[in-house]
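Going down the list, the protein sequences come from chains X and Y. Under numbering that gives the first Met the number 0, think of the first position of the first sequence as 0, with each following residue one higher. Under numbering that gives the first Met the number 0, think of the first position of the second sequence as 0, with each following residue one higher.
There are 2 protein chains.
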Amino acid sequence: MPKLVDHEERRAHIIDALLRAAARDGLHAVTMRSVAVEAGVSVRLVQYYFDTKEQLLLATLERLAVRMGERVRDRVRAAGSPTAPRDIVEAVLLEAVPTDEESRTFHLVYTAYAVLSVTDPALAGQPFLKAPGEMEDFLIAQLAAAQRAGDADPHLDARQEAVLLLAVSAGLGLSVLLNQRTADDATAVLRHHLARLFPGGVKSLCTPLG
Amino acid sequence: MPKLVDHEERRAHIIDALLRAAARDGLHAVTMRSVAVEAGVSVRLVQYYFDTKEQLLLATLERLAVRMGERVRDRVRAAGSPTAPRDIVEAVLLEAVPTDEESRTFHLVYTAYAVLSVTDPALAGQPFLKAPGEMEDFLIAQLAAAQRAGDADPHLDARQEAVLLLAVSAGLGLSVLLNQRTADDATAVLRHHLARLFPGGVKSLCTPLG
DNA sequence: CTCTTGATGGTATGTTTGTACCATAAAAGA
DNA sequence: TCTTTTATGGTACAAACATACCATCAAGAG
């Protein structure tokens, strides 16, 4: 047998090249050739490790989903321990706002995949679509915990607030991606809304009408 | 001279065909041929009325922006007159939630263009990017009017609330587009948040901390 | 009646794409 | 030493694409 190469490392290298190329030229402009050039390998090698372009794209999407999950968990962990629900929620939602270049790349390509998944049947049933559903349940639980701890108004509808937060986070992230807003601006707006949802220890500061 | 055809009508017909094809197969899959087939004309005709593919895509984007502006104005008008700021804001923001098939098509293709504009220099400086900026100013004015009328808390930061509303609307609309949520669900969440912002005639029901 | 001109169809062309095929170096096992 | 297998390069090929070119039909102008 020859050199015996670590396949997973090679695949990761090629996938990273694809992500760079997609972030620079757009996902639609990604070709086998451009990925090969970006990765500094021959087209034949890309074929060798991913056989077909469709599988390369699928593998990239999978890695994207895994990495974003990791990033979210890292943020929660970085928020310290024990962490108040409010800080956990903030950490999770702020991950959707692209700040560093890696984050920007991830969200841009991820969004391109999401739009693609509406019309592409091969992408429609992909696991990355489960993320928002899981995230919603997670946020509901955190909100409920905050309510029990007296950090959030107990009259709030946790589910509706969770859906709202998810929408805010996605909408702000998208606007930053489209260069309509700075990341700092988006962060400030998100924090502003969180401050309203979590007024602190004071109970029932805000009495809803219904 | 021969038949003498209404060019604008022909162009609109071809653009509509492109929109249908893009909503069905994805904007990336749109070709001169597919547009021609969808419109029921020859490829040569598409060339004749739009010369190049890039110009066809640009014309489609322009029409999209115009039509969406019209739809928003129609909604505001349909809300009756005189209209309370709260109802105007609701009408404007709900337009971002795709309900009927036309609306879904518009938002899907529009989103595809938006993602494309990040990497495509020809699309980056297009007028459709101005819309969010204008919309933000419009919302700020409406919120300020509501505050003066006593329909909204005068302590609210109108600008931050406007940015937040825009993000909510975009985020909810996107989630409906991606089939993560129903349009009814998104509408309910948006209304729920509006009810918090516009508690009605009661002043200072909700006292912010800062 | 001719001639010009707008509207249309068909086809050719050069380029790019994904992929299949052929070849080879090299290292491990026989 | 001689396979056998893994990793790699180069190239060939059919399909699809945007676009340029050539041809034609028909209706109003002269």
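All residues carry an ideal CB built from backbone N, CA and C; glycine is no exception.
It is roughly 14 Å from the alpha-carbon of Pro120/Y to the alpha-carbon of Phe127/Y.
Annotation: the continuous alpha helix (DSSP H) that includes Lys52/Y extends over Lys52 to Ala77. In the same chain as Thr186/X, and ignoring 5 residues on each side of it, the C-beta atoms closer than 7 Å to its own belong to Leu93 and Val96, in chain order. Interface with chain X (8 Å Cβ-Cβ cutoff): Gly170/Y is included. Under a 10 Å Cβ-count criterion, Pro153/Y is classified as exposed, with fewer than 16 other Cβ atoms of the shown protein chains found around its own Cβ.
Taking a contact as a CB-CB distance under 8 Å, the pair Val34/X and Leu17/X counts as one, their CB atoms being some 5 Å apart. In this structure, the alpha-carbon of Glu135/Y lies about 8 Å from that of Arg158/Y. Only exposed fits Val4/X, as fewer than 16 other CB atoms lie within 10 angstroms of its CB.
In this structure, the beta-carbon distance from Glu37/Y to Ala20/Y falls below 8 Å.
The residue among Val175/Y, Thr181/Y and Phe105/Y with its C-alpha nearest the C-alpha of Arg23/Y is Phe105/Y. Within chain X, the C-beta atoms nearer than 9 Å to that of Pro131/Y come from Ser174, Leu177, Gln179 and Arg180, in chain order. Proximity of chain Y to Ala111/X at the Cβ level (cut-off 8 Å) is accounted for by Val114, in chain order.
Nearest neighbour of Val117/Y by Cα position, chosen from Asn178/X, Leu155/X and Gly132/X, turns out to be Asn178/X. At a cut-off of 8 Å, the C-beta of Val91/Y has no neighbouring C-beta in chain X. Listed along the chain, the chain Y residues whose CB falls inside 8 Å of the CB of Arg23/X are Thr118. Neighbours of His27/Y in chain X, taken as residues whose beta carbon is under 7 Å from its own, are His27 in chain order. In this model, Ala123/Y and Tyr112/Y are separated by some 10 Å (Cα to Cα). Contact of Leu60/Y with chain X is not assigned, every C-beta pair being separated by 8 Å or more. Of Gly132/X, Leu107/X, Asp150/X and Ile139/X, the smallest CA-CA separation from Ser174/X is found for Leu107/X. Secondary structure at His191/X: helix, using DSSP grouped into helix, strand and coil. With a contact defined as Cβ atoms closer than 8 Å, Arg103/X and Ala145/X miss out at about 30 Å. Going by DSSP, Lys2/X is part of no alpha helix (DSSP H) at all; its letter is neither H nor E. Counting along the chain, the unbroken alpha helix (DSSP H) around Gln141/X starts and ends at Lys129 to Arg147.
Under the 8 Å criterion on CB atoms, Gln54/X is classed as non-interfacial with respect to chain Y. In this structure, Leu138/Y lies near Leu165/Y, with their beta-carbon atoms less than 8 Å apart. A Cβ-Cβ distance of about 6 Å is found for the pair Tyr48/Y and Ile13/Y, placing them in contact under the 8 Å criterion.
Taken atom to atom, the span from the alpha-carbon of Arg147/X to that of Ala140/X is near 11 Å. At a cut-off of 8 Å between beta carbons, Leu165/X contacts chain Y.
Glu100/Y and Val75/Y have their C-alpha atoms some 20 Å from each other. Going by DSSP, Ala157/Y is part of the alpha helix (DSSP H) stretching over Ala157 to Leu176.
One alpha carbon belongs to Ala77/X, the other to His191/X, and they sit about 21 Å apart. For the pair Met31/X and Val40/X, the CB atoms are not nearer than the 8 Å cut-off. The three-state secondary structure of Gln46/X, taken from DSSP, is helix. A Cβ-Cβ separation of about 6 Å places Gly170/X in contact with Val167/Y under the 8 Å criterion. When C-alpha distances from Ala194/X are compared across Gly172/Y, Glu160/Y and Val188/Y, the shortest belongs to Glu160/Y.
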